[in-house]
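Working notes, structure below.
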Amino acid sequence: ARVTSKSEVRRWQNAKGEGTVFNFDVVDVDGGEIRICCFKEVCEKFNPVIEVGKVYMISKGSLRPARKQYNHLNNDFEIYLETTSTVEPCVEDE
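Following the numbering used here, the numbering of the sequence shown begins with 1457 at its first residue and continues without gaps.
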C-alpha cells in the first residue's frame, strides 16, 4: 500500500493512561483508502519507518471500526498496528 499522508506524533492522556500516537493513510492499487493507527511503543517503532509516497507491505494489524470524529476517509474501518505487526518497504517497478 502507498502512504498518502502521515500525521505528527501526538501525546494523549485519558482515564486509561497516556502515551503517543500517530496515524497514516494508505491507498491500494484499486484506489481503496484506509487509515492505520499506531499507539505507544508501536508509534515509536513505526513512526521513523513510514514515509509519505513510499510503498509498504503491512501485515498483522487489527481491523476496527473507524472513529469518524478523527477519520475523514471513505472507509468504515481502520487498522491498528500492534507490536507483532510488520511494515516492510516494497521495491517499486519503474
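Note that beta-carbon positions come from the ideal geometry of N, C-alpha and C, so glycine has one too.
In this structure, does DSSP put residue i in helix, strand or coil?
i	result
Glu1464	coil
Leu1537	coil
Val1498	helix
Asn1470	strand
Output the boundary residues of the beta strand (DSSP E) element that contains residue i.
i	result
Val1477	1473-1483
Glu1489	1489-1495
Ile1506	Taken as a continuous stretch (DSSP letters only), Ile1506 belongs to no beta strand (DSSP E), as it is neither H nor E.
Arg1523	Careful: Arg1523 lies outside any beta strand (DSSP E) and carries neither H nor E.
Glu1548	Per DSSP, Glu1548 belongs to no beta strand (DSSP E) and is neither H nor E.
Assuming residue i and residue j are in contact, meaning their beta carbons sit under 8 Å apart, how far apart are those beta carbons, in whole angstroms?
i	j	result
Ala1522	Val1483	15 Å between Cβ atoms; not a contact.
Arg1466	Phe1478	7 Å
Would you say the stretch 1526-1534 touches the stretch 1497-1504, given that touching needs at least three Cβ pairs under 8 Å?
no
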